[in-house]
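A.B. asks: Numbering (our numbering), first residue to last: 4 to 376.
We treat Cβ as the ideally placed atom computed from N, Cα and C, and that holds for glycine.
The structure presented is a predicted model; accordingly, all values stated were derived computationally and were not measured.
Sharing a structure with you now.
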């Protein structure tokens, strides 16, 4: 229309051009949609670690001490979990799982030297350089601006610092914003920017996808999949753990259980273990037919049944949280009109629902074993 007006405004079709010009003036102009910018994350190591990255020859006892009542006291010990010997090798990704309060964060703090083990031993291997991404973003100074934080952390001049921040979608006046005023997503991107300049070869990541949009989550997953170092991951994101984990450490009943494979493989192994235990219970003689002289054995079997029931209940609790997180991610993907992501998430979501139904059914069967007691 605008081309027509310019061509014929002064010619034989001037009246038609004038009419079109009036109609055009009444039309609200809509700006051309801008291409969505994406975070450009890079995670490189500046030093190759030794083959053994994390070692515990005796196992660990992880917990905390309460403050002593007097200056000479050492405080009361509270054990959260214990483990057998541990070994993490270069290139592995270990996903640490467990319900809230099971000791995941305390274990990470122990690795970082912020707290001590209650017992056992734990050390980093040769040439290990740690990079930490906390769930609470404690590495960020809320009093500083975005630019000040990067300049101080990386000893950058202003222009290189601005260029780095632009990779994480901080441009213009945004670099002068106070960190305390940033949104959760902005703080997560800034924390990733800080992590990218550490050159770490061991990444300790505590809920790394929190507050990130779907696109940034996918970018982070892709970059971590190609990371040449070692990763210790705490996350409720099943899809991230399925994509990255080579091993799973699961905290259950005050013990650290070690599994090879990703999250899906872990669920399969746990299901097989529980199936075998249930089959063993079913194969035992009916408890009502056991003579009184075997009452000690009956008590032992009942104790084992209760332990099994508690283990199932804990796993059901974890699955319910994961289903809630999957529903949240589905809502995000749906709002972003990301059909491919919705389909991908739906598959995982229905898998979680099926697993939950299986665990609930098994829980009922285990409970029935004790119904006659």
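#1: With 16 as the cutoff for other CB atoms within 10 Å, does residue 358 come out buried or exposed?
#2: Here's a check: name, in chain order, each residue in its chain whose Cβ is nearer than 7 angstroms to the Cβ of residue 112, leaving out the five neighbours to either side.
#3: Taking buried to mean at least 16 other C-beta atoms within 10 Å of its own C-beta, is residue 250 buried or exposed?
#4: Three Cβ pairs or more, each shorter than 8 angstroms: is that satisfied between the stretch 117-132 and the stretch 54-72?
#5: Consult DSSP for residue 78 and reduce its assignment to one of helix, strand or coil.
#6: Excluding sequence positions up to five away, which residues of its chain have a Cβ less than 7 angstroms from the Cβ of residue 243?
#7: By DSSP, does residue 151 sit in helix, in strand, or in coil?
#8: Count the other CB atoms, across all protein chains shown, that sit within 10 Å of the CB of residue 150; report buried if there are 16 or more and exposed otherwise.
#9: Buried or exposed for residue 355, going by 16 or more other Cβ atoms inside 10 Å?
#10: Going by alpha carbons, who is nearest to residue 236 out of 48, 138 and 321?
#11: Mind checking who residue 239 pairs with in its DSSP beta bridge?
#12: Considering just the uninterrupted stretch of the alpha helix (DSSP H) at residue 217, what are its terminal residues?
#13: Specify, as a first and last residue, the run of the alpha helix (DSSP H) that residue 66 falls within.
#14: Since residue 143 and residue 190 should fall inside the 8 angstroms C-beta cutoff, what is the C-beta to C-beta distance between them, to a whole number of angstroms?
#15: Distance check for residue 85 and residue 114, CA to CA, integer angstroms please.
C.D. replies: On the basis of the data shown:
#1: Within the chain shown, numbered from 1, the residue matching residue 358 stands at position 355. That one is buried.
#2: Translated into the one-based positions of the chain shown, residue 112 becomes position 109. 118, listed in sequence order.
#3: Translated into the one-based positions of the chain shown, residue 250 becomes position 247. Buried.
#4: yes
#5: Residue 78 sits at position 75 when you count from the first residue of the chain shown. The answer is coil: DSSP assigns residue 78 none of H, G, I, E or B.
#6: Position 240 of the chain shown holds residue 243. Same-chain partners within the cutoff: 212 and 224.
#7: Sequence index remark: in the chain shown, residue 151 carries index 148 (1-based). Three-state result, residue 151: helix.
#8: Taking the first residue of the chain shown as 1, we reach residue 150 at position 147. Buried.
#9: Position 352 of the chain shown, counted from the first residue, corresponds to residue 355. The residue in question, residue 355, is buried, as its Cβ has 16 or more Cβ neighbours within 10 Å.
#10: Position 233 of the chain shown, counted from the start, is the residue given in the question as residue 236. Nearest option by C-alpha distance: 138.
#11: Taking the first residue of the chain shown as position 1, residue 239 is located at position 236. None, per the DSSP bridge assignment.
#12: Position 214 of the chain shown, counted from the first residue, corresponds to residue 217. Unbroken alpha helix (DSSP H) run through residue 217: 217-228.
#13: Counting from 1 along the chain shown, the entry for residue 66 is found at position 63. From DSSP, residue 66 is part of no alpha helix (DSSP H) but of the beta strand (DSSP E) over 63-68.
#14: Position 140 of the chain shown, counting from 1, holds the residue named residue 143. Position 187 of the chain shown, counting from 1, holds the residue named residue 190. That pair is a contact at about 6 angstroms.
#15: Walking along the chain shown from the start, residue 114 turns up at place 111. Walking along the chain shown from the start, residue 85 turns up at place 82. So the two alpha carbons sit approximately 15 angstroms from each other.
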